[in-house]
Every structure is written in C-alpha cells, then in structure tokens.
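Chemist:
Residue numbers (the working numbering): 96 to 328.
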C-alpha cells in the first residue's frame, strides 16, 4: 500500500503516523508538504494530528485552503481513500469532504487521556479488521473534539451507517451524556464518520499511537491492517 502523509506548518503527529504505517505496511510513507499542488501515485492520503497553522481562526480552517488541498479533493473525488486523524479530521470538515464540525470540548479544556471506541460497522476499509461492536482503547489529545452537526446531517449519518466509531465505556455501552466515556460531549457520542462512498474517514482519537506492544499495545493496529488488505495492489 502506497501511503502519503500531508504536513502543514504546525502538524506534529506525522512521525507517529509514519511509524504506524511503516510498521504495518513495511514501507515508509511519502511525506507531502502543504505547498505541493500534486500528489504522487498513492493508495491512501493521511492528514495527521497537530495544530496546523497554529489553529488560527478555527482548527483546520487555514489548512483547508492550503495548495495541496485541491489535489486531495481531486484524489477524493476520483475515489481515493483519505484518513484524517484529530486535526486531520478537523481539516476534512473544514473542506467539506466530511460533514459536521469539531467544537471546543464540553469540559472547555484540552483533554489528553485514553478513551474507548466502539466499532459501528466492519464493512469499510477502515474497520474491516474488527467486528461490529468491538471496543478498543486509543489515546486522545485535543481541545476541540466535540463533534456536532445539524439535525438533518446527524439523521443522514445515522441512517446511512456513516458513523464509524463511537465513544463508549469499556463494556461497549454508549451514553452520550456520560463525560467519562464521551469526554468531548460529541453528539450521539460520535468519534469518527465516513463519507458517502465510505472511502474517507475522519476520527479524533489516535489509533497510530497503539500499533506496537512496546508503546503500550496494538489496539489501533487493525485500522491500518484493514487498509492494507483493502488497498494493496
């Protein structure tokens, strides 16, 4: 699988993502600077976490207008696969490639802690190495991860099965009003969403942090293994 990671000024999780991809695929991903206007031949584009352009205006708002984003939009419209994690998810919502927005956490402070996610469907490239209903642990680290969208958009996401992950308790129970299991306050405890063609996924937590037992576990590894299985040529 040929993957590329986009790097903006302020991106700070590209190395963690590169290690995760190299660990699973056996090959180093391309690193793509924000000023580029074309993408190399890729199977997967990744927008990693961080604080692109210092999160000025809004998280991801300036990155959404970077030169590389026109190429990413063309890639996505041609059926390419895109993964946005944390700030990457925020950028995808700012570009309109995914619906909704990420607001300030309900606690009104930056949260850096583990959380648990429940897999809502397993027939996508991003979730195929889990079973529907599986729960896995993953770190989160952000100040603006409170997912929100208008009622019609939420209805469409739920009705079309485009919620990839929800914040949950370790036993899999979902309670949107519980700030221990849904620390951001995200509507319907949504942690990750999918595009209509299921080829774009955005999520706030960081699965790339858990792909090696030496780093605390391999809970996030199935996401990358599923992508390899789906996209390898």
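All C-beta atoms in this analysis are idealised placements derived from N, C-alpha and C, irrespective of residue type, glycine included.
Using DSSP bridges, identify the partner residues of residue 323.
Modeler: DSSP, once it has assigned bridges, lists no residue as partnering residue 323.
Chemist: From the DSSP output, in three-state form, read off residue 275 for me.
Modeler: In this structure, residue 275 counts as coil in the three-state DSSP scheme.
Chemist: Answer with buried or exposed for residue 309, where buried requires no fewer than 16 other C-beta atoms within 10 angstroms of its C-beta.
Modeler: Counting Cβ neighbours within 10 Å, residue 309 comes out exposed, since fewer than 16 surround it.
Chemist: Whole angstroms are fine: how far does the CA of residue 217 sit from the CA of residue 224?
Modeler: Approximately 7 Å, taken between the alpha carbons.
Chemist: Spell out the partners DSSP gives residue 148 in its beta bridges.
Modeler: Its beta-bridge partners do not exist; DSSP assigns none.
Chemist: For residue 163, list the residues DSSP reports as bridge partners.
Modeler: Its beta-bridge partners do not exist; DSSP assigns none.
Chemist: Going by alpha carbons, who is nearest to residue 304 out of 280, 276, 109?
Modeler: Residue 304 has its Cα closest to that of 109, out of 280, 276, 109.
Chemist: Taking its Cβ as the centre, do 16 or more other Cβ atoms sit within 10 Å of residue 254, making it buried, or is it exposed?
Modeler: So residue 254 counts as exposed.
Chemist: Do the segment 196-205 and the segment 164-177 meet, that is, are 3 or more Cβ pairs less than 8 Å apart?
Modeler: Because the criterion of three Cβ pairs below 8 Å is not met, the segment 196-205 and the segment 164-177 do not touch.
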